[in-house]
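Numbering (the numbering used here), first residue to last: 25 to 380.
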C-alpha cells in the first residue's frame, strides 16, 4: 500500500472526527477502574495447557495462545496453513487436555452429510417388530476435529451449519441436541492447494476465529529435528474437566467492559463495511464485504478472555487489539484492487483500526 494512500486516508478520517458523534478515544491505561475482586482461576488454566503442549509442540506460542483464547471463549476455530505445519497435531493434542468427548472427522470429497450427523436404520426385533433406530454420527461429541474441512464439497460442509450455530442436528424431521460444550476445531489448506473448495461465507462466519499457521523459525526447526534423536515422554495429562471449563466461562463472563470500549469495538467492526457511513476511505477502496454483527459479539467475548488470561477483571485496549485480526480476517472480503496491491486482510484490519 502506498504511503500516500494511507496518509490521505488518515487525513480524511481526521476531518470526519470532529463531526462524528460516535468517535471515542480509549484511555491509555485502562477502560474502567479495576475491580478489587481477583479472578478466581487467574492464569492457571492457560499455564497448564501451555505447559502440557510444550511436550509435543515446538514454538508457535502466539498461535497457541490465540487458540486457547478461542477455546476458553467457547468459540469454533478455523486453523489455516500449508500441509506439514502441525495443524492437526495442535488440535489433536489440545483435545487430549480436556476431559471431554472427542471425535475426529477426516473430510474427503466423497464424505456425505449422513457420515457426519448419522442416519436411521430399520431395527427388527421379535417382540416389538420393526422400528427406526437412530445411529449417531461422529458429530455427537464435545470437541470435533474437522480435519481438512475444505476438501469436501459445500453440501457436506453445510451439514455443520446447524450444529455450529444452534448445537442441534436434524435428520428425517427429528431434532437432536448436542451435549455442551460443543466445539469445532477445523483445519484447512489454502485454496491454492489442489483438491480444495472455498468454504461458504455462512459457514466461515460461524467460526469465532481464524488462525494462520506459518513456517517455524530457524531455531524452532532445529529443535524439531533434534527431537527425532531424543527419547522423550510425550504423554499428555488432562488439565481441565467439564466442570472446570464451565466455571472458567462463568468467570470470563464477569469481565467488565466500559461503554467507550464497547463503542470502539462496534465502530471497528462497522468500519470494515464499505457501505457504512463510518467506513474510512481505505475500506471503500479495498473491501467488498465487511464483518457481520456476529463479529461484534465474538470480538467482545475474545477481549474478555484475553483480559481474563492477564488476571484482570476489566478490558483494556491491548486486549481488543490482540484478538481483532483473528476474529475479523475471515469475515472480510478483499476486492481485486487489494489483490493487485498485494494487500492481505491483516494489513487492512490494522490500517482500519488506526483510523478509529
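Don't be surprised by glycine CBs; every beta carbon is placed ideally from N, CA and C.
Bear in mind that the values here come from a model prediction, so they are computed numbers and not experimental data.
Distance, residue 328 Cα to residue 355 Cα:
20 Å
Just to confirm the assignment, what range does the beta strand (DSSP E) spanning residue 233 have?
233–236
Does the distance from the C-beta atom of residue 94 to that of residue 131 stay below 8 Å?
no
Let me know if residue 171 comes out buried or exposed under the rule of 16 or more other beta-carbons within 10 Å of its beta-carbon.
buried
Count the other CB atoms, across all protein chains shown, that sit within 10 Å of the CB of residue 363; report buried if there are 16 or more and exposed otherwise.
exposed
Using DSSP bridges, identify the partner residues of residue 145.
157
DSSP state of residue 380 mapped onto helix, strand, coil:
coil
So, using beta-carbon positions, are residue 292 and residue 350 closer together than 8 Å?
no
With a threshold of 16 other CB atoms inside 10 Å of the CB of residue 154, please say whether the residue is buried or exposed.
exposed
Determine the extent of the alpha helix (DSSP H) in which residue 116 is found, giving its start and end residues.
111–120
Among all the DSSP beta bridges, which residues are the ones paired with residue 200?
193
Start and end of the beta strand (DSSP E) containing residue 129?
126–130
Whole-angstrom distance between residue 82 and residue 190, CA atom to CA atom
36 Å
From residue 76 to residue 124, what distance separates their C-alpha atoms?
17 Å
Anyone know if the C-beta pair for residue 193 and residue 163 falls short of 8 Å?
yes
What number of angstroms, rounded off, separates the C-alpha of residue 49 from the C-alpha of residue 344?
Caution is warranted here: a pLDDT of 42 is assigned to residue 49, below 50, making its placement in the model unreliable, and the coordinate value is therefore given only provisionally. For residue 49 and residue 344, the distance between alpha carbons rounds to 13 Å.
Proximal residues to residue 10 (C-beta, below 6 Å), its chain only, five neighbours per side dropped
Examination of residue 10 is not possible in this model, given that the chain is present from 25 through 380 alone.
Take residue 320 and list the residues in its own chain whose beta-carbon comes closer than 8 Å to its own, dropping the five residues that flank it on each side.
289, 290, 293
Please work out which residues of its chain come closer than 6 Å, Cβ to Cβ, to residue 120, disregarding the five sequence neighbours upstream and downstream, and give them in chain order.
260
Would you kindly check if the distance between the Cβ of residue 91 and the Cβ of residue 272 is under 8 Å?
no
Beta-carbon proximity check, residue 252 vs residue 306, cutoff 8 Å:
no
Consult DSSP for residue 348 and reduce its assignment to one of helix, strand or coil.
helix
Can you give me the Cβ contacts of residue 210 inside the same chain, cut-off strictly under 6 Å, excluding the 5 residues immediately before and after it?
102, 170, 173
Tell me, to the nearest whole angstrom, how far the beta carbon of residue 9 is from that of residue 304; I am working on the premise that it is less than 8 Å.
Beyond the ends of the chain as shown, which are 25 and 380, falls residue 9; an answer cannot be given.
For a minimum of 3 consecutive residues, which ranges assigned as the beta strand (DSSP E) are wholly contained in the segment 264–328?
311–313
Count the other CB atoms within 10 Å of the CB of residue 249; is the residue buried (16 or more) or exposed (fewer)?
exposed
Is it buried or exposed for residue 111, if we count other Cβ within 10 angstroms and need 16 for buried?
buried
Which of the three DSSP states, helix, strand or coil, is assigned to residue 360?
helix
In chain order, what residues of the same chain have a beta carbon less than 6 Å from the beta carbon of residue 45, not counting five sequence neighbours either side?
The predicted model places residue 45 with a pLDDT of 38, which falls under 50 and marks its position as unreliable, so this point remains unresolved.
Could you give the residue range of the beta strand (DSSP E) that holds residue 211?
207–212
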